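Enquirer: Got a structure for you, questions after.
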Amino acid sequence: MLALKDLLIAAGVLFLAAAFAITLYDLWRMYEQRRKLPESADGVTEMEPVPIRWRGSVLLVVIASVPLLVADSIVVIPAGMGGLRVSELRGTLPGTLYAGAHFVPPMMESVEMFDLRDKLFTAGVVDGAGMTKTAAEPQPLDVQSKEGLNIGLAITVRYRLDPHRLDYIESHLPQPVDSQMVPAVVASAWRELTPGYTVREIFSSDREE
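Structure (structure tokens):
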């Protein structure tokens, strides 16, 4: 389907180039004729000017718009991705488009892509000495234990977007979700959880829980 879309785009571009070339060629012929054409004594040319083939050029432009519109209506969603239709008139439309080729009304709807594969969010990767390797790496997540002590946690959370709720995600959540929502949600969840445990429970007896 990608090959068909590329072929349609190439055909449309070729038709547009042909229309443009015909018009330029006719204008050049007219200029050359006026430059070389002798004039009579009263300043009136003795030959009719070269006509510009406007009708043919316009026809080629109309023909070129057909494959270009068809190509614009073909949306190919890669594997592991999901699409969501956004209408210029009705806004976000329900229903997820999964991997494959889909047809959408050209110039009326667009498709927003979302990654549906599992992803990892990491906070505070530390080395054996308990220090972050570089300043650019994530810092430990600061939380508070039951005793009121501040703790820095190094955690990794595996998550993925719900493909059935992409319309809600697009309409109500800040984008991109991976950087705007996931860190805040993970930090909020851990900061609500850890005050119910002591430091010893977090790091030893209840660590698995």
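Letter by letter, the sequence shown follows residues -14 to 194 of the numbering used here. All C-beta atoms, glycine included, are put in the ideal place defined by N, C-alpha and C. Since this is a predicted model, take the numbers as computed values, not measurements.
1. What residue range is occupied by the uninterrupted beta strand (DSSP E) comprising residue 70?
2. If we count the other Cβ atoms within 10 Å of its Cβ and call it buried at 16 or more, is residue 49 buried or exposed?
3. Residues in the same chain with beta-carbon distance under 8 Å from residue 130, minus the five sequence neighbours each way, listed in chain order, please.
4. Here's the rule I'm using: 16 or more other beta-carbon atoms within 10 Å means buried, otherwise exposed. How should residue 118 be labelled?
5. Compare the Cα-Cα distances from residue 41 to each of 14, 3 and 152 and report the closest residue.
6. For residue 158, does the count of other Cβ atoms within 10 angstroms reach 16, so buried, or fall short, so exposed?
7. Between which residues of its own chain and residue -3 is the CB-CB distance below 8 Å, once the five residues before and five after are set aside?
8. Let's test the definition: count the other Cβ atoms within 10 Å of the Cβ of residue 68 and tell me whether it reaches 16, buried, or not, exposed.
9. Using three-state DSSP, classify residue 130 as helix, strand or coil.
10. Mind checking who residue 95 pairs with in its DSSP beta bridge?
11. What does a CB cutoff of less than 8 Å around residue 65 pick up in its chain, not counting 5 residues either side in sequence?
12. According to DSSP, is residue 14 helix, strand or coil?
13. Give the range of the alpha helix (DSSP H) segment to which residue 40 is assigned.
14. Measuring CA to CA, which of 45, 15 and 20 is closest to residue 34?
15. Would you call the CB atoms of residue 175 and residue 142 closer than 7 Å?
16. Under 7 Å between the Cβ atoms of residue 47 and residue 86?
17. Take residue 125 as the anchor and find which of 94, 171, 21 and 95 has the nearest alpha-carbon.
18. Between the C-alpha atoms of residue 173 and residue 166, what's the straight-line distance to the nearest angstrom?
Expert: Here's the rundown:
1. The residue given as residue 70 occupies position 85 in the sequence shown. That run of the beta strand (DSSP E) goes 66 to 72.
2. Looking up residue 49 in the sequence shown gives position 64. Buried, since its Cβ has 16 or more Cβ neighbours within 10 Å.
3. For this step, residue 130 is matched to residue 145 along the sequence shown. Here the set comprises 136, 179, 180, 182, 183, 184 and 187.
4. For the purposes of this step, residue 118 is taken as residue 133 along the sequence shown, with counting starting at 1. At residue 118, the pLDDT of 48 sits below 50, so the modelled position is not reliable; the number obtained from the coordinates is stated separately. With a threshold of 16 other beta carbon atoms within 10 Å, residue 118 falls short and is exposed.
5. Taking the first residue of the sequence shown as position 1, residue 41 is located at position 56. Closest option to residue 41, Cα to Cα, is 3.
6. On the sequence shown, residue 158 is found 173 positions in, with the first residue counted as 1. Classification for residue 158: exposed.
7. Here residue -3 corresponds to residue number 12 of the sequence shown, with the count starting at 1. 49, 50, 51, 52, 53 and 56.
8. The count along the sequence shown starts at 1 and reaches residue 68 at position 83. Burial call: buried.
9. One-based indexing of the sequence shown puts residue 130 at position 145. Looking at residue 130 - three-state DSSP - the assignment turns out to be coil, as it is neither helix nor strand.
10. Here residue 95 corresponds to residue number 110 of the sequence shown, with the count starting at 1. Answer is 71, bridged to residue 95.
11. One-based indexing of the sequence shown puts residue 65 at position 80. Closer than 8 Å at the Cβ level, and outside the excluded window around residue 65, lie 84, 100, 101 and 102.
12. The residue you call residue 14 lines up with position 29 of the sequence shown. Residue state, collapsed to three classes: helix.
13. The sequence position of residue 40 within the sequence shown is 55, counting from 1. First-last of the alpha helix (DSSP H) with residue 40: 39 to 58.
14. Against the sequence shown, residue 34 aligns to sequence position 49. Of 45, 15 and 20, the residue nearest in Cα terms is 15.
15. The count along the sequence shown starts at 1 and reaches residue 175 at position 190. The count along the sequence shown starts at 1 and reaches residue 142 at position 157. Contact: no.
16. Counting from 1 along the sequence shown, the entry for residue 47 is found at position 62. Counting from 1 along the sequence shown, the entry for residue 86 is found at position 101. The answer is no: Cβ separation not under 7 Å.
17. Looking up residue 125 in the sequence shown gives position 140. If we check each option's Cα against that of residue 125, 171 comes out closest.
18. Your numbering for residue 173 matches position 188 in the sequence shown. Your numbering for residue 166 matches position 181 in the sequence shown. Between residue 173 and residue 166, the C-alpha separation is close to 11 Å.
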